[in-house]
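The structure appears right after this line, and notes come after that.
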Amino acid sequence: MNAATFISTDVIRASFSAAMSSMYRTEVPAYGTLLSLVAKVNAQTLAASPELRHRLEQTDTLDRISEERHGAIRVGTPAELAMLRRVFAVMGMYPVGYYDLSEAGVPVHSTAFRPVGDAALKINPFRVFTSLLRLDLIADAELREEARKTLQARQIFSPKAISLVEKAEAQGGLELDDAALFVKEILATFRWHDQASVSGDLYRRLHDAHRLIADVVSFKGPHINHLTPRTLDIDAVQDLMPAYGISPKAVIEGPPTRACPILLRQTSFKALEESVSFRNAQGEWETGSHTARFGEIEQRGVALTPKGRALYDRLLTESRKVVRPAPDGSNADAYIAALTDAFKAFPDDWDRIRKQGLGYFRYTPVPTFPQSGLSARDTCDIEALVALGAVRFDPIVYEDFLPVSAAGIFQSNLGDDDSQKFTASPSQREFETDLGTPVLDEFAHYEGLQKASIERCRQHFKPVAL
Ligand code: OOG
Ligand code: NI
């Protein structure tokens with residue numbers, strides 16, 4: 040087998056992401072509407088700001104600006120999670136970060152499978168937020184056992200999908216025809232099933248325990264529950280959604296509107312009620328409904344250091360003490376005002392964010408800067424290089440997720456009346472055991488990118504030994 044004929048993992052991921060988008064647009068037409076709205080707002084934003092267009096031309100692929108950045112799935116067993124790790128590895132996606140959602144009343148814990156290197160992110164940044172149901176958080180022992188048995192009995196991957204994963208692992212890659220087949224077979228894992236695999240009665244009991252439990256346990260597979268394109272103006276899309284016949288969640292999650300965007304802002308349109316059928320005790324199909332699938336948008340800013348993140352978390356908590364956003368949107372204006380007010384304490388210019396060690400930055404040598412303008416001392420001091428104009432800095436984009444925001448996205452799509460509480464019980468060790476590998480620590484990763492860029496600057500300006 041010749042490694043040169045293998046399709047790059049980035050290309051398989053790009054093809055999978057495009058296939059998911061097309062399937063989801065067919066399955067959820069409102070998502071197609073959201074995509075057109077996002078493309079329109081992105082085009083208008085670029086037309087109105089030549090400066091932004093110029094910056095994005097340097098760092099991004101403009102013709103793909105409105106494409107999906109992430110999707111989300113929920114699985115039910117450790118074996119499903121472990122197999123997904125192997126599936127995503129074929130597409131160059133690795134688990135980054137651990138998110139405990141139990142704290143926010145959602146009985147799952149999660150990671151994001153994503154490309155990690157700069158080059159891979161640039162080719163296609165698609166990631167999948169992946170949650171594992173915490174059956175241990177179901178209080179009713181009998182129901183817990185029924186749920187466990189139901190999940191145990193299903194096989195979410197086709198035999199062909201499994202054999203292609205094994206083949207990719209054994210060979211170190213997939214050739215063209217296998218890669219195409221792999222995308223097709225994996226795509227089928229995430230499609231929608233409108234016939235539940237449980238009875239209407241069990242569905243209702245699972246649903247009463249938590250809507251999310253019913254969503255994970257009742258179907259043949261882990262349907263993709265949303266996809267998320269990138270928008271250059273999230274406030275505009277949020278405002279325009281109703282005019283396009285789609286109903287946005289009450290507030291945008293994450294930081295308020297700022298001159299220097301930090302972390303991640305996201306919002307979604309509310310999940311749709313869809314018709315599904317259940318078998319009754321007589322073995323006949325009965326019609327019912329299920330609410331799970333929606334569309335989301337995201338806008339990303341700089342990755343924060345632990346110090347920056349602590350400040351972010353503190354300000355978010357402070358603002359939520361003043362006003363907690365109500366699911367029906369009745370206090371949205373008051374919430375936005377409290378959030379904006381609290382975040383006045385977060386510096387809003389790049390140099391202050393950098394100098395105070397709140398965010399991660401990538402340093403690049405200015406190629407036209409003359410070596411002769413630098414002393415030997417300057418060349419090993421990144422601050423001196425910045426001050427002299429020999430080095431420029433750009434924010435490193437946050438590529439991960441936020442637990443409070445994720446909880447807000449989950450909640451708004453579980454229905455407004457849903458307010459079950461679970462005991463917060465982060466369990467990263469157990470999650471990693473189920474996954475079969477430790478997750479990558481996001482802070483260490485961003486820190487590494489920043490350090491490597493500083494090192495490149497030092498090397499660039501290093502005096503040449505005579
Ligand atoms: C995942 C919600 C989390 C995000 O963007 O924060 C998420 C889910 O609803 O399964 O996708
Ligand atoms: Ni999402």
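If you count by the numbering used here, then the sequence shown holds residues 40 to 505, one letter each, in order.
Think of the CB as a built atom: it goes at the ideal place given N, C-alpha and C, for glycine as much as any other residue.
Next on the checklist: Spatial neighbours of ILE51 within its chain, please: C-beta separation below 6 Å, excluding the five flanking residues on both sides.
Outcome noted: As a position in the sequence shown, residue 51 is number 12, starting the count at 1. Here the set comprises MET130 and ALA218.
Next on the checklist: Would the segment 321-333 count as touching the segment 377-396 if we require 3 or more Cβ pairs under 8 Å?
Outcome noted: no
Checklist entry - Would you say ALA253 touches the ligand OOG, meaning its beta carbon is less than 7 Å from a heavy atom? => result As a working note, residue 253 is residue 214 in the sequence shown. Because no heavy atom of the ligand OOG lies under 7 Å away, the Cβ of ALA253 does not count as near it: no.
Item to check | Residues that ILE301 bridges to, as DSSP identifies them | outcome: Residue 301 sits at position 262 when you count from the first residue of the sequence shown. BP columns for ILE301 point to VAL341.
Item to check | Residue span of the alpha helix (DSSP H) that contains GLN97, given as start and end | outcome: Residue numbering aside, residue 97 sits at position 58 when the sequence shown is read from its first letter. Counting along the chain, the alpha helix (DSSP H) containing GLN97 begins and ends at 89-98.
Checklist entry - Using a threshold of 7 Å, is the CB atom of THR418 nearer than that to any non-hydrogen atom of the ligand OOG? => result For the purposes of this step, residue 418 is taken as the residue at position 379 of the sequence shown. Not under cutoff, so the answer is no.
Next on the checklist: I need the boundaries of the alpha helix (DSSP H) containing PHE449, first residue and last residue.
Outcome noted: One-based indexing of the sequence shown puts residue 449 at position 410. Where PHE449 is concerned, the enclosing alpha helix (DSSP H) stretches over 442-451.
Checklist entry - Cβ of GLN338 within 7 Å of any heavy atom in the ligand OOG? => result Here residue 338 refers to the residue found at position 299 when the sequence shown is read from its first residue. No, Cβ of GLN338 sits at least 7 Å from all heavy atoms of the ligand OOG.
Checklist entry - In terms of residue numbering, what span does the alpha helix (DSSP H) encompassing PHE152 cover? => result Position 113 of the sequence shown holds residue 152. Looking at the DSSP string, PHE152 is not in any alpha helix (DSSP H); the run it does join, the beta strand (DSSP E), is 147-153.
Next on the checklist: Let's see if you can read the secondary structure: which residues bound the beta strand (DSSP E) around VAL129?
Outcome noted: Residue numbering aside, residue 129 sits at position 90 when the sequence shown is read from its first letter. Premise fails: VAL129 lies in the alpha helix (DSSP H), 117-129, not in any beta strand (DSSP E).
Item to check | Beta-bridge partners of ARG332, as assigned by DSSP | outcome: Taking the first residue of the sequence shown as position 1, residue 332 is located at position 293. Answer is none; ARG332 lacks a bridge partner.
Checklist entry - Taking Cβ positions, are ARG497 and CYS419 nearer each other than 8 Å? => result Reading the sequence shown from its first residue, position 458 is the one you call residue 497. Reading the sequence shown from its first residue, position 380 is the one you call residue 419. Yes, the pair counts as a contact, with Cβ atoms nearer than the cut-off.
Checklist entry - When every heavy atom of the ligand NI is checked, does at least one fall within less than 7 Å of the C-beta of PHE168? => result Looking up residue 168 in the sequence shown gives position 129. At least one heavy atom of the ligand NI is nearer than 7 Å to the Cβ of PHE168, so yes.
Checklist entry - Taking DSSP as the reference, what is the three-state secondary structure of GLN194? => result By one-based count along the sequence shown, residue 194 stands at place 155. GLN194: coil per DSSP, three-state reduction.
Checklist entry - When you compare each of ASP387, LEU203 and ARG113 to ARG173 by their alpha carbons, which one comes out closest? => result Residue mapping note: residue 173 aligns to position 134 of the sequence shown, counting from 1. Here the closest residue by C-alpha is ARG113.
Checklist entry - Between which two residues does the alpha helix (DSSP H) harbouring LEU160 extend? => result Within the sequence shown, residue 160 is the residue found at index 121, counting from 1. LEU160 -> alpha helix (DSSP H) spans 157-162.
Checklist entry - By Cβ distance below 7 Å, which residues in the same chain neighbour ILE24 in space, the five residues on each side in sequence not counted? => result Because the chain here runs from 40 to 505, residue 24 falls outside it and cannot be looked at.
Next on the checklist: Between LEU171, TYR283, ALA342 and GLY110, which has its C-alpha nearest CYS299's C-alpha?
Outcome noted: Here residue 299 is taken as the residue at index 260 of the sequence shown, counted from 1. Cα-wise, what sits closest to CYS299 is ALA342.
Checklist entry - When the Cα atoms are used, what is the spatial distance from SER286 to ASP367? => result Mapped onto the sequence shown, residue 286 falls at position 247. Mapped onto the sequence shown, residue 367 falls at position 328. Answer to the nearest angstrom: the Cα atoms are 11 Å apart.
Checklist entry - Mind checking whether ILE252 and ILE177 have CB atoms under 8 Å apart? => result Here residue 252 corresponds to residue number 213 of the sequence shown, with the count starting at 1. Here residue 177 corresponds to residue number 138 of the sequence shown, with the count starting at 1. Yes. Within cutoff.
Item to check | Beta-bridge pairing of GLN234 - partner residues as DSSP gives them | outcome: Start at 1 with the first residue of the sequence shown, and residue 234 comes out as number 195. The partner list for GLN234 (beta bridge, DSSP) reads SER316.
Checklist entry - Going by the CB atoms, is the gap between VAL443 and LEU355 shorter than 8 Å? => result Along the sequence shown, one-based indexing puts residue 355 at 316. Along the sequence shown, one-based indexing puts residue 443 at 404. The answer is yes: Cβ separation under 8 Å.
Checklist entry - Below 8 Å between beta carbons: does that hold for VAL135 and ASP439? => result In the sequence shown, the residue the question calls residue 135 occupies position 96. In the sequence shown, the residue the question calls residue 439 occupies position 400. Yes, the pair counts as a contact, with Cβ atoms nearer than the cut-off.
Item to check | Beta-bridge partners of ASP139, as assigned by DSSP | outcome: Position 100 of the sequence shown, counting from 1, holds the residue named residue 139. For ASP139, which the question treats as bridged, DSSP gives the partners HIS148.
Item to check | Distance between ALA43 and GLU208 (C-alpha atoms, nearest Å) | outcome: Counting from 1 along the sequence shown, the entry for residue 208 is found at position 169. Counting from 1 along the sequence shown, the entry for residue 43 is found at position 4. C-alpha separation (whole angstroms): 16 Å.
Item to check | Per-residue burial, ASN319 [other beta carbons within 10 Å of its own, 16 or more giving buried] | outcome: On the sequence shown, position 280 is the one that residue 319 refers to. Per the 10 Å Cβ criterion, exposed.
Next on the checklist: On the CB-based measure, 16 or more other CB atoms within 10 Å of its CB, does SER369 come out buried or exposed?
Outcome noted: On the sequence shown, residue 369 is found 330 positions in, with the first residue counted as 1. Burial call: exposed.
Item to check | Exposure label - VAL503; buried when at least 16 CB within 10 Å | outcome: For this step, residue 503 is matched to residue 464 along the sequence shown. Under this definition VAL503 is an exposed residue.
Checklist entry - Any heavy atom of the ligand OOG closer than 7 Å to the CB of SER492? => result Walking along the sequence shown from the start, residue 492 turns up at place 453. Not under cutoff, so the answer is no.
Next on the checklist: Tell me the rounded alpha-carbon separation between ALA82 and THR100.
Outcome noted: What you label residue 82 is simply residue 43 of the sequence shown in a count that begins at 1. What you label residue 100 is simply residue 61 of the sequence shown in a count that begins at 1. Near 14 Å, if we compare the C-alpha coordinates of THR100 and ALA82.
Checklist entry - Does the segment 262-279 come close enough to the segment 477-493 that 3 or more CB-CB pairs lie under 8 Å? => result no
Item to check | Backbone secondary structure at ALA349 - three-state DSSP | outcome: Reading the sequence shown from its first residue, position 310 is the one you call residue 349. Helix.
Checklist entry - What residues in its chain sit with their C-beta under 6 Å from that of ARG183, if we drop five residues either side in the sequence? => result Within the sequence shown, residue 183 is the residue found at index 144, counting from 1. For ARG183, where only same-chain residues beyond five positions count, the Cβ hits under 6 Å are LEU174 and ILE177.
Next on the checklist: By the DSSP assignment, the beta strand (DSSP E) with ASP433 in it spans what residues?
Outcome noted: Sequence index remark: in the sequence shown, residue 433 carries index 394 (1-based). Unbroken beta strand (DSSP E) run through ASP433: 430-434.
Checklist entry - What runs of the alpha helix (DSSP H), each 4 residues or longer, lie entirely inside the segment 272-298? => result 273-279
Item to check | Buried versus exposed, by CB contacts within 10 Å (16 or more), ALA491 | outcome: For the purposes of this step, residue 491 is taken as residue 452 along the sequence shown, with counting starting at 1. The residue in question, ALA491, is exposed, as its Cβ has fewer than 16 Cβ neighbours within 10 Å.
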